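Structure first, commentary second.
Residue numbers (the numbering used here): 3 to 271.
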């Protein structure tokens with residue numbers, strides 16, 4: 003079964019040639035010098051967040067496998083769902099799901115289940131895939147939709163993902179990508195203040211601080227849960243440092259700073 007694109011022509015160009023040209027421009031000069039265990043990448047339309055996502059993918063060393071977690075905006079399906087398709091298709095081609103790693107994750111975590119419905123109309127994971135497809139031909143990935151829960155559940159899921167990676171002996175060969183935008187539809191000043199409270203928690207590799215800041219400051223960061231899980235998992239895999247590679251808002255593109263969405267690109271190593 004192939005999961006076909008649902009946002010090509012909307013969030014990013016629908017033709018192979020146009021998409022390749024845009025991604026090449028968004029990546030800029032790709033150093034690929036950071037051996038990233040984890041990353042945070044935004045998921046808006048490429049016109050708004052693509053330069054931030056591009057800096058994330060340009061900075062990371064390429065791996066043979068990726069776990070991509072994104073928030074479930076639609077509310078469809080299970081709270082924590084691994085897609086059961088064989089592969090995902092975008093205008094840049096077809097990429098297979100790492101079914102062996104997916105099975106280990108399901109086995110090790112009681113919260114995560116096989117579920118394609120939660121992915122059927124979700125864009126947060128799909129928009130990450132063309133960057134990887136442009137950069138490399140031979141890789142697999144595991145897509146997981148993530149819903150809101152408590153910090154203990156985030157940590158348990160993170161531990162299960164780390165355990166699965168270790169069992170598969172992929173510690174050096176996988177990067178965990180958490181898909182998230184930051185503050186939604188506030189002034190640039192308000193968004194930046196709130197976003198950097200969340201960013202500082204990520205820089206501290208503190209998933210509890212992140213969840214607490216998002217709650218107490220009412221930060222409309224849609225991917226707080228995937229990021230918290232990624233941090234917990236990355237620490238279990240030996241991560242010691244996080245780095246902000248780029249931050250901007252939609253206002254930097256639209257010119258409207260009265261109501262912006264924030265985007266942060268981060269790598270964890």
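Backbone N, C-alpha and C fix where the C-beta goes; we use that ideal spot for every residue, glycine too.
Computed from a prediction, not measured in an experiment: that's the story for all the values here.
Item, Value
"Same chain only: Cβ atoms within 7 angstroms of residue 76, ignoring 5 sequence neighbours per side", "123 and 124"
"Beta-carbon gap between residue 89 and residue 97 smaller than 8 angstroms", "yes"
"Contact under 8 angstroms by Cβ, residue 34 with residue 181", "no"
"Check: residue 25 C-beta below 7 angstroms from any heavy atom of the ligand MG", "Judged by which ligands are present, the structure shown has none, so any question about the ligand MG falls away."
"Supposed close pair residue 148, residue 227 - CB separation, criterion 8 angstroms", "5 angstroms"
"Classification of residue 252 by the beta-carbon crowding that lies within 10 angstroms, buried from 16 upward", "buried"
"Rounded C-alpha distance that separates residue 65 from residue 232", "17 angstroms"
"Continuous beta strand (DSSP E) stretch holding residue 138: start and end", "Run containing residue 138: none; DSSP gives neither H nor E here."
"Buried versus exposed, by CB contacts within 10 Å (16 or more), residue 209", "buried"
"Under the three-state DSSP convention, the category residue 181 falls into", "strand"
"Those residues which DSSP pairs with residue 249 across a bridge", "266"
"Contact set for residue 176: own chain, Cβ-Cβ below 6 angstroms, skip 5 residues either direction", "65, 67 and 167"
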